[in-house]
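In terms of our numbering, the sequence shown opens at residue 488 and continues consecutively.
We treat Cβ as the ideally placed atom computed from N, Cα and C, and that holds for glycine.
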Amino acid sequence: MDKSLEKSLTLWLKQQQTVCAGYLKLTVLFGILTGLCLLAQAYTLASVLDGLIMQQLSLLTFYPELIALLSLTIFRALLAYAKESSGFIAGKKLRAQVRQTVLNKLISLGPSFINTKPAGTWANIVLEQIEDLHDFYAKYLPAMMLAGFIPLIILAAIVPINWLSAMILLVTAPLIPLFMVLVGMGAAEANRKNFSALQQLNGHFLDSLRGLRTLILFHRQQAEIDKIANVSNDVKQRTMSVLSLAFLSSAVLEFFAAISIAILAVYFGFSFLGHLEWGSFSLLPPTEHRLSLFSGLFVLLLAPEFYQPLKDLGTHYHAKAKAIGAAESLVTLLNIQDSSLTSHITTSLIASSKASHTKIDLKTWELEANNLKVFTHDGECLLGPISFTISGQQKLAVVGASGSGKTTLVNLLLGFLPYEGSLKIQGIEFNQLDLSHWRNNLAWLGQEPQLFHGTLMDNLRLGNQTLSTEKAWELLAKANIDDFVSQHPLGLKLSIGEQAAGISVGQAQRIALARALSRDANVFILDEPTASLDSASADAITQSLTKETTAKCLLIVTHKLSQLGAMDTILVLEKGQLNSSGSYDELMAQNGLFCQLNAQTAYDIDLQTSLGLNS
């Protein structure tokens, strides 16, 4: 990973700590109190052992000290628990904040952007990668601060007793973070590659599950198993590479800590044997030139604890590398507006806090597009330049061959794509509108409507939470699905599985249409509402839609052109450009692209009928 990128990601991670700054400070405070408690423990224990061994005092003499030692042990355990708890809460708050920010960003970018990656990839980013930020805030940041405080506190306690011991600790301490960095170099890049491999595996596996029936029908299950095995092996190798770095880092830290403590032990051993008689200030009794047992025990008890914060920092350094690897995808997503859009587009449509949030009256309105261009989030032009006008009570159809830009126009009007040029409603630029207010007055049906796990009534109430049973049956009748539901034993309690499992595509389409009609909307935007239906059902639903949207705006995208006689205006798109526009009769009289599309549609219907598919 590029060093500048790694630094920018680290800076971003540290900037996010404001949401949990209070708990991070508490974590550090509890850690410092734990260190002070440790000093008191070491002092008490060294005093007791010195009195018992060197002064031959009775154990009963140290009864208060033993009670104090037990109390300090319990208090230190409570402080350690409080430190871990506050660190966990800090990580929890941070994860919740980042996850909400990411979800808000995905909502603002819309389905057109989300569909650029498999669902498994998004699940990995939103769930696993955000979870991998936890240890950075719960453990690494507190450990980094405590690694500066605790050793200095211990040094301050040791210097008055033995300056040479303090010097040994001071000289050897930098070796641990130095080798920690050397061994951990490249850990962030290894984690980034591991996350990338996990995203690929998640997306591939989820797509395989969803397409399992197709794979079996085409006898491709073994080939798919081999692909998943290859991707899994790649993830396994990358995971083991990350783990090997973590284990190597821990081993190096333990080695240098052990060497440093061994140097201290050798020094004290020679001092007690009388071969070394310097290094002590002799500020504490006894006032001999040689070290006392108390001094040696006190320093040796504190030596492991001196290195412990540094070892903790080394242990959690892996959490930093992990967080940096996870942050790359998150930062790329959150910065997409600044980096991918503004460099290509002068006027961007993005639902953000920077919008003016202007509300309009959607009962009497007019939409006017002038030299309108619509772009992907990467700046690629999908549609335009086109110009057209829609009035508040107009029936508008958008037709064209696949890939001509019909769904692109729908996604723009839903507020999910950036644009350039002018798109005004009642004279107000579209990117200045309050998108929440605009969407609350829309009823939308997509090409592939989503029904969720639950009852049929649950799915209908996604459009209107106060929907009554009577109104539900009325809507089902308008969507030409009431006969199927009434004949089912469960009726409105019919259970629908994930991805509309348990019902046909056409039935799911009509239930989703009933859900769209349940909304008290002024604008209906329907993308291929009759795509999966036979001609008779499609004609019935088209008539129902025309009647239901009287005095309201209806924008419909369709390939079935014979049903558009009731439309006020039809826009004919070709390769992202507006080919022609007018009423059904006007376009038929022109004998242009619309006539060709109409003839092709009639041929397709005849072919389906002859094959027995139109039923």
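| Query | Result |
| --- | --- |
| To the nearest angstrom, report how far apart Glu-711 and Arg-697 are at their CA atoms. | 13 angstroms |
| Phe-875 and Ala-888 - do their beta-carbons sit closer together than 8 angstroms? | no |
| First and last residue of the alpha helix (DSSP H) that includes Thr-588? | 550-596 |
| Does the distance from the CB of Ser-1067 to the CB of Val-1059 come in under 8 angstroms? | yes |
| Quick check on DSSP: helix, strand or coil for Pro-872? | strand |
| If contact is defined by three or more beta carbon pairs under 8 angstroms, each pair taking one atom from either stretch, is the region 956-967 in contact with the region 980-989? | no |
| Do the region 914-928 and the region 987-998 meet, that is, are 3 or more Cβ pairs less than 8 angstroms apart? | no |
| According to DSSP, is Asp-694 helix, strand or coil? | helix |
| Tell me whether Trp-925 sits in a helix, a strand or coil according to DSSP, three-state version. | helix |
| Return yes when the Cβ of Val-786 is within less than 8 angstroms of the Cβ of Ile-617, no when it is not. | no |
| Can you give the Cα-Cα distance for Phe-666 and Leu-797, rounded to whole angstroms? | 11 angstroms |
| Tell me, to the nearest whole angstrom, how far the beta carbon of Gln-504 is from that of Leu-511; I am working on the premise that it is less than 8 angstroms. | 6 angstroms |
| So which of Ser-1049, Leu-539, Thr-560 has the shortest CA-CA distance to Ala-529? | Thr-560 |
| Of the choices Leu-735, Thr-531, Gly-984, whose alpha-carbon is the least far from that of Leu-784? | Thr-531 |
| How should His-803 be labelled, buried or exposed, when 16 other C-beta atoms within 10 angstroms of its C-beta is the threshold for buried? | buried |
| Ordered along the chain, which non-local residues of its own chain (more than five positions away) have a Cβ less than 6 angstroms from that of Leu-770? | Residue placement at Leu-770 is poorly supported in this model, since its pLDDT is 47, which falls under 50; the coordinates are not used for a value here. |
| DSSP three-state label for Asp-1021, please. | coil |
| Can you tell me whether Thr-829 is buried or exposed, with buried defined as 16 or more other CB within 10 angstroms of its CB? | Unreliable positioning characterises Thr-829 in this predicted model, as indicated by a pLDDT of 38, which lies under 50. A coordinate reading is not provided. |
| Can you tell me whether DSSP reads Lys-1034 as helix, strand or coil? | helix |
| Could you compute how far the alpha carbon of Ala-999 sits from the alpha carbon of Leu-854? | 26 angstroms |
| Where does Glu-867 sit, in a helix, a strand or coil, going by DSSP? | coil |
| Does Ala-810 come out as helix, strand or coil in the three-state DSSP assignment? | helix |
| Tell me the DSSP secondary structure of His-831 in three-state form. | Because His-831 carries a pLDDT of 41, less than 50, the predicted location of this residue cannot be relied on, and no value is offered for it. |
| What is the rounded straight-line gap between the Cα of Phe-623 and the Cα of Gly-578? | 8 angstroms |
| Would you tell me roughly how many angstroms separate the C-alpha atoms of Asn-946 and Gln-724, rounded to the nearest one? | 43 angstroms |
| Below 7 angstroms CB to CB, which residues in the same chain sit around Ser-843 once its five sequence neighbours on both sides are set aside? | Here the model assigns Ser-843 a pLDDT of 48, short of 50, so the residue's position is not dependable, and the following value carries that caveat. Excluding sequence neighbours, Ser-843 sits near Gln-919. |
| What does DSSP give as the partner residue(s) for Ile-877 in the beta ladder? | Leu-854 |
| By Cβ distance, which residues of its chain are closer than 7 angstroms to Lys-807, with the 5 residues on each side in sequence left out? | Phe-623, Tyr-627 |
| Taking just the CA atoms, how far does His-706 sit from Asn-1009? | 49 angstroms |
| Where in the region 919-982 do unbroken runs of the alpha helix (DSSP H), each at least 4 residues long, occur, reported from the N-terminal end onward? | 922-927, 943-947, 956-965, 969-974 |
| For Gly-989, which residues from the same chain have a beta carbon less than 7 angstroms from its beta carbon, with the 5 sequence-adjacent residues on both sides left out? | Ser-982, Ile-983 |
| Alpha carbon to alpha carbon, what distance is there between Ser-491 and Ala-555? | 52 angstroms |
| Here's the rule: buried if 16 or more other CB atoms are within 10 angstroms of the residue's CB, otherwise exposed. What is Met-1054? | buried |
| Below 6 angstroms CB to CB, which residues in the same chain sit around Ile-877 once its five sequence neighbours on both sides are set aside? | Leu-854, Leu-883 |
| What would DSSP say about Lys-860, mapped onto helix, strand or coil? | strand |
| How would you label Pro-551, buried or exposed, when you count the other beta carbons within 10 angstroms and need 16 or more for buried? | exposed |
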